[in-house]
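Reviewing the structure listed below.
Numbering (the working numbering), first residue to last: 27 to 344.
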């Protein structure tokens, strides 16, 4: 991560806490002012309007209209691919460029999606607990579900969804996908209706965007369509799934299990999901590898550098 020319003259607003490596790089290259530590956020933004060259955030922090009003025609660099929490309309009104960090995390997120799929189907986490508790000496563990040769439905065939589909080929799986439109030259058939996709699938993996358009896309009727032997995997956004409906569907035996890396109100996880052995729960770690983290940090810095050099970011939201 190369320090930009005249970096000492650039001031950046830091919307919320960032990974340590990125924070260190930013502090070396820019004058960083933390927003989340201000006692009166609104008053601070109003007072500091026009004093920042740009800002840095994470997908989980987002950026609202007040941030863009403060920035004006600057740049907001986001660590993460999700931009549903970023007010892009406010950014456009302010003339502020926005960048995200796509591509560099797709393969690691796809790895984890399949890890969750296999772990849930074969009950790997529950079996580990079974051994650690000394239960093996008292009897055998139950049967899991085969992964090889099954039907995989993917909701959202973007970069991550496509990477998941490629992995499915190695497991001899049939693939269908749902999204805003069909894609040319991809393996698998397009299914425009998510309920119909769930009814066809043995495994339903969510890799779509968050935001109002997909909020509770997977609700009770979709989960019931997945069926008593079906498994749900979510590595997209917690808002895509109606968590109350998921808990109820599991309790009623209408689906076999779920592998979840994201939740509606992180870090809170519903007690019903915590208590269910058929659910594998992860703390939003799909992109949390050393390699991906470093690549994302570099891309944030490169986007800032590109904007200050050319007035354009490298990877705007798409």
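Backbone N, C-alpha and C define an ideal beta-carbon position, used for all residues, glycine too. Fair warning: this is a prediction, and the values are worked out from it, not measured in the lab.
(message) DSSP three-state label for residue 345, please.
(response) The shown model of the chain, from 27 to 344, leaves out residue 345, and the question about it has no answer.
(request) Report the rounded CA-to-CA distance for residue 296 versus residue 76, giving the unit in angstroms. (result) The residue given as residue 296 occupies position 270 in the chain shown. The residue given as residue 76 occupies position 50 in the chain shown. Taking the Cα positions, residue 296 is about 42 Å away from residue 76.
(request) Output the boundary residues of the alpha helix (DSSP H) element that contains residue 155. (result) Start at 1 with the first residue of the chain shown, and residue 155 comes out as number 129. Residue 155 -> alpha helix (DSSP H) spans 150-158.
(request) State the DSSP-derived secondary structure class of residue 53, mapped to helix, strand or coil. (result) Locating residue 53 in the chain shown gives position 27, counting from the first residue. In this structure, residue 53 counts as helix in the three-state DSSP scheme.
(message) What would DSSP say about residue 45, mapped onto helix, strand or coil?
(response) Position 19 of the chain shown, counting from 1, holds the residue named residue 45. Looking at residue 45 - three-state DSSP - the assignment turns out to be coil, as it is neither helix nor strand.
(request) Check whether the segment 323-336 touches the segment 285-300, counting contact only when three or more Cβ pairs, one atom from each stretch, lie closer than 8 Å. (result) The segment 323-336 is not in contact with the segment 285-300.
(request) Return helix, strand or coil for residue 104, following the three-state DSSP convention. (result) Counting from 1 along the chain shown, the entry for residue 104 is found at position 78. Reduced to three states, the DSSP call for residue 104 is strand.
(request) Give me the Cα-Cα distance between residue 118 and residue 126, rounded to the nearest whole angstrom. (result) Translated into positions along the chain shown, residue 118 becomes position 92. Translated into positions along the chain shown, residue 126 becomes position 100. Approximately 15 Å between the Cα atoms of the pair.
(request) Could you check if residue 331 is buried or exposed, using at least 16 other CB atoms within 10 Å of its CB as the buried criterion? (result) By 1-based counting over the chain shown, the position of residue 331 is 305. Residue 331 comes out buried.
(request) Take the Cβ of residue 311 as the centre, count every other Cβ of all protein chains shown within 10 Å, and call the residue buried at 16 or more, exposed below. (result) Along the chain shown, one-based indexing puts residue 311 at 285. Classification for residue 311: exposed.
(request) Please specify which runs of the beta strand (DSSP E), each continuous and at least 3 residues long, are wholly inside the segment 213-298, giving them in chain order. (result) 229-232, 257-260, 283-286
(request) Identify every run of the beta strand (DSSP E) within the segment 108-145, keeping only runs that are complete inside it and at least 3 residues long; order them along the chain. (result) 123-125
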